[in-house]
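Visitor: Can you read through this structure? Questions will come right after.
Chains as they are written, first to last, in this note's numbering: chain V, 83 to 458; chain P, 16 to 477.
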């Protein structure tokens, strides 16, 4: 009996009547009370013994999280991920981040207050409350006030509760059956999960359409379709039919240092490696070597191409005595101007990187021809 | 002590009038939603939606053919679109101020007008948000305004006031919708129980989330309302301050002033209250709200308009004083140009509408006269739009170098988009008035109870 009853409900005419009724019902020993009113009746929470709302604590915590995360996010984007010097200020000048930080704090706090009240503290949306099915609800959302006596510790004397409510001035006594709390079956789960999946797919396609397809229709593409020269495309504007024109004869790039020597031997006598041997230089040389040289000369410089099955030429063995004894300038000349079937790498590798690669090649040679004193 | 025993001068005018009851209010609110609207409503919404359609056609034409179809160009790169944005954001402030700041000050007269005022906030913001979105030139890329991880490894510049603006306006818009919805939940539950139609019942059931109005529900609800009110107060004050920083952090004479943030906030509240007075002057009659929104409410709203007009006048004088006291040739010139320059009518209209006409409201009879308040509020609305025109166009078209001076001539497209936004606002308002509870019943009901007990002579001034 007690387990199948949600509570016993009585109707009162005004908020004042309701407030007067509560102590009378309490005297009878009913401790679990709830009131249903069309507007907040002040004092009812104290009368029936509801603790103060803890919403404020949650809002404070979430607001703090909003402030901290907004600050960290702005610091990370402006000073770490994409540092941009603006107005000569340091990357981490935080004063300018305050407005956005304030707004995010308020955003977090307000949404916690509004949605936290509805979803967490009031446990909405919930359509299973027995009150929703009662006769009283139409009146209590309009102009009547209801007091509900609920079971204490699972026990409720329905008749005594009815008598107590009547005595306190309540009318239209209603006994509400307990809600059906059996967990939802697999059909419910399937329906809801399928619905969520459908929404995800629809949102995904919608987003794809909005950022991939929509921007490719007119007039969104007008900016790309304007009259202009394209570097990689033919164009009738110039006589030679090329969109991009070659620089005039004799044009020299900035920081370009021409090699005056006419032969590798001459270069070997003229040029000295300007770079010191440091770990940084060697690392730079290794990176350049692995990108540009290792394909043909092999990672250890033995002249065995990584693509030897397809590659018919025979690249130089950098571990041979000829190369080991050749001066740095000689190798520099070969990298810059090419030799045999090796093309010039002048345009691909900067002068500095060429010298760094040479240091790295020397290190490779030393590693395969180590002498006894190297071990000390 | 009974109210009736007091001398007339000391009596407190009630917040509601006539034959009102708790159930009667519910029936009236439900009646607006369930009854067939009158013919005048259909005529009104036909006109406003046609104007809206015209506005969106102008926007489409502008997007297809480019920004050049509007009047803005160098040196006046911010034309009607930014004026309209600032104008609508300003109108939107009143709803928050009424429902939030007046709530914190325990001004009970706000209860009857808060719902419609909040609705004007939301609708004004919808109008306002259109403008920056189309002003960026390629509106289909306006999501670039937000920081999101992208393949270009770029982030927005958080040191730019325009980015602060994005955060402020986006926050304000979402918070005002949340606040509005939260207030609607109990009223939707009332409608759910009152309606006879099954479809409506299901619809309100979902929207009200199964609200039952238990003491625990209300406890958390009131706490959330108070917290939101406190937070939204700071938000409302910050938003137009941030909008003003778009101007104040540049070096254009007439913009580069420390008074701008408070000056903009007051201007926003001023135009917003005038907008609310205009809305209620018509809605009161059309929706038979006189019992709940009495002439006392209009009187109080007009007092707000009057006091804000005085603060506005002080701000104008202070601006002028700053210009003179700065001894800066350029700033002095710009301020003289506002009222004596080639577009002197803009500055003069601003002062007439915002400072001079509202002084009529010192007369108590005028504060309760609908024609006068419509005249003054319409004037303030126009005057605040002209103020933004003055600030934006007149400051930009005469800057430091006379060689870069120019003229600004708005095109029909500019006017079409402005009219369209007004049409959109009114269309949304008309739909709202017929489809959602336009009075916050759970807030007005205690006032009705208080009024009834006062009539019966059993008042406790609590």
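Even for Gly, the Cβ is constructed at its ideal location relative to N, Cα and C.
No experiment lies behind these values; they were computed from the predicted model shown.
Taking the C-alpha atoms as reference points, what is the distance between residue 121 (chain V) and residue 167 (chain V)?
Guide: The straight-line gap from Cα to Cα measures roughly 56 Å.
Visitor: Here's a check: name, in chain order, each residue in its chain whose Cβ is nearer than 6 Å to the Cβ of residue 353 (chain P), leaving out the five neighbours to either side.
Guide: Closer than 6 Å at Cβ, skipping near neighbours: 362, 405 and 409.
Visitor: Kindly provide the ranges of any beta strand (DSSP E) runs that are 3 or more residues long and lie completely inside the segment 109-151 of chain V, ordered along the chain.
Guide: List check, beta strand (DSSP E) in window: 115-118.
Visitor: Please report whether the beta-carbon of residue 16 (chain P) lies at a distance below 8 Å from any beta-carbon of chain V.
Guide: For residue 16 (chain P), the predicted structure reports a pLDDT of 46, less than 50, and the residue's modelled location is therefore unreliable. A value from the coordinates is still provided. No, residue 16 (chain P) does not count as interfacial toward chain V.
Visitor: Does chain P have any CB closer than 8 Å to the CB of residue 167 (chain V)?
Guide: No - not a single Cβ of chain P is within 8 Å of the one on residue 167 (chain V).
Visitor: Could you have a look at residue 229 (chain V) and say whether DSSP puts it in helix, strand or coil?
Guide: DSSP places residue 229 (chain V) in strand when its eight states are reduced to three.
Visitor: Tell me the DSSP secondary structure of residue 194 (chain V) in three-state form.
Guide: Correct three-state label for residue 194 (chain V): helix.
Visitor: Touching or not, the segment 315-333 of chain P and the segment 284-291 of chain P, by the rule of three or more beta carbon pairs under 8 Å?
Guide: Enough Cβ pairs lie closer than 8 Å, so yes.
Visitor: For residue 103 (chain V), collect the residues of the same chain with a Cβ closer than 7 Å to its Cβ; drop the 5 residues on either side in sequence, then sort them by chain order.
Guide: Within the same chain, residue 103 (chain V) has close Cβ partners 94, 229, 250, 251 and 252.
Visitor: Going by other Cβ atoms of all chains shown within 10 Å of its Cβ, with 16 needed for buried, is residue 111 (chain P) buried or exposed?
Guide: Buried is the call here.
Visitor: Can you grab the Cα-Cα spacing for the pair residue 203 (chain P) / residue 223 (chain P), in whole Å?
Guide: Going from the Cα of residue 203 (chain P) to the Cα of residue 223 (chain P) covers about 5 Å.
Visitor: Determine which residues share a DSSP beta bridge with residue 90 (chain V) and list them.
Guide: In DSSP, residue 90 (chain V) forms a bridge with V:231 and V:257.
Visitor: Less than 8 Å between the C-beta atoms of residue 144 (chain V) and residue 190 (chain V), yes or no?
Guide: Going by C-beta atoms, residue 144 (chain V) is nearer than 8 Å to residue 190 (chain V).
Visitor: Within this structure, are the beta carbons of residue 174 (chain P) and residue 178 (chain V) separated by less than 8 Å?
Guide: It is a contact, given that the beta carbons lie within the stated cut-off.
Visitor: Quick one: list the residues of chain P neighbouring residue 179 (chain V), beta-carbon separation under 7 Å, in chain order.
Guide: Here the neighbours are 173.
Visitor: For the segment 127-142 of chain V, which residues have a beta carbon sitting closer than 7 Å to at least one beta carbon of chain P?
Guide: Residues 127, 130, 132, 135, 137, 138 and 141.
Visitor: What is the rounded straight-line gap between the Cα of residue 83 (chain V) and the Cα of residue 214 (chain V)?
Guide: Confidence at residue 83 (chain V) is low in this model, with a pLDDT of 41, below 50, so its placement is unreliable and the value that follows should be read with caution. The alpha-carbon atoms of residue 83 (chain V) and residue 214 (chain V) are separated by roughly 21 Å.
Visitor: I'd like to check one pair, residue 469 (chain P) with residue 201 (chain P): are the Cβ atoms closer than 8 Å?
Guide: Not a contact, by the Cβ cut-off of 8 Å.
Visitor: Pick from P:349, P:456 and P:446: whose alpha carbon is nearest that of residue 57 (chain P)?
Guide: Measuring from the Cα of residue 57 (chain P), the nearest candidate turns out to be P:446.
Visitor: Taking 8 Å as the CB-CB limit, is residue 233 (chain P) close to chain V?
Guide: For residue 233 (chain P), the answer is yes, since a Cβ of chain V falls inside 8 Å of its Cβ.
Visitor: Spatial neighbours of residue 477 (chain P) within its chain, please: C-beta separation below 7 Å, excluding the five flanking residues on both sides.
Guide: Any reading at residue 477 (chain P) is ruled out, since the residue's pLDDT is 42, under 50, leaving its predicted position unreliable.
Visitor: Counting beta carbon pairs with one atom in the segment 441-456 of chain P and one in the segment 117-132 of chain P, are three or more of them shorter than 8 Å?
Guide: Yes, the segment 117-132 of chain P is in contact with the segment 441-456 of chain P.
Visitor: Using a threshold of 8 Å, state whether the C-beta atoms of residue 316 (chain P) and residue 396 (chain P) are closer than that.
Guide: Cβ atoms of residue 316 (chain P) and residue 396 (chain P): not closer than 8 Å.
Visitor: Cα-Cα, which of P:457, P:458, P:441 and P:428 is closest to residue 80 (chain P)?
Guide: For the residues P:457, P:458, P:441 and P:428, the minimum Cα distance to residue 80 (chain P) belongs to P:428.
Visitor: Interface residues of chain P around residue 173 (chain V) at Cβ under 7 Å?
Guide: Result: empty, since nearest Cβ-Cβ is about 10 Å, beyond 7 Å.
Visitor: Along the segment 435-459 of chain P, what residues have a CB closer than 9 Å to any CB found in chain V?
Guide: Listed by position along the chain: 456, 457, 458 and 459.
Visitor: Starting from the beta carbon of residue 41 (chain P), find every residue of chain V whose beta carbon is closer than 9 Å, and list them in chain order.
Guide: Chain V residues near residue 41 (chain P): 120, 223, 224 and 225.
Visitor: Tell me the DSSP secondary structure of residue 229 (chain P) in three-state form.
Guide: Three-state result, residue 229 (chain P): strand.
Visitor: Beta carbons nearer than 7 Å to chain P: which residues of the segment 202-236 of chain V have them?
Guide: Those would be 203, 204, 206, 207, 208, 209, 211, 213, 214, 219, 220, 222, 223, 224 and 225, in chain order.
Visitor: Have a look at residue 265 (chain V) and residue 72 (chain P) and give me their C-alpha separation to the nearest angstrom.
Guide: Distance between the alpha carbons of residue 265 (chain V) and residue 72 (chain P): 53 Å.
Visitor: Kindly indicate which three-state DSSP category residue 324 (chain V) falls into: helix, strand or coil?
Guide: The answer is strand: DSSP assigns residue 324 (chain V) an E or B state.
Visitor: Can you check whether the C-beta of residue 205 (chain P) is within less than 8 Å of a C-beta belonging to chain V?
Guide: With 8 Å as the cut-off, residue 205 (chain P) counts as an interface residue toward chain V.
Visitor: Does the beta-carbon of residue 158 (chain P) have 16 or more other beta-carbons within 10 angstroms, so that it is buried, or is it exposed?
Guide: Flag for residue 158 (chain P) reads exposed.
Visitor: Considering just the uninterrupted stretch of the alpha helix (DSSP H) at residue 45 (chain P), what are its terminal residues?
Guide: It spans 37-49 - the alpha helix (DSSP H) in which residue 45 (chain P) sits, taken as one unbroken run.
Visitor: Just checking my contact of residue 63 (chain P) with residue 438 (chain P) at CB under 8 Å: how many whole Å lie between their CB atoms?
Guide: Going by Cβ atoms, the distance from residue 63 (chain P) to residue 438 (chain P) rounds to 5 Å, so yes, they are a contact pair.
Visitor: Check whether the Cβ of residue 117 (chain P) lies closer than 8 Å to any Cβ atom in chain V.
Guide: Chain V contact via Cβ: absent.
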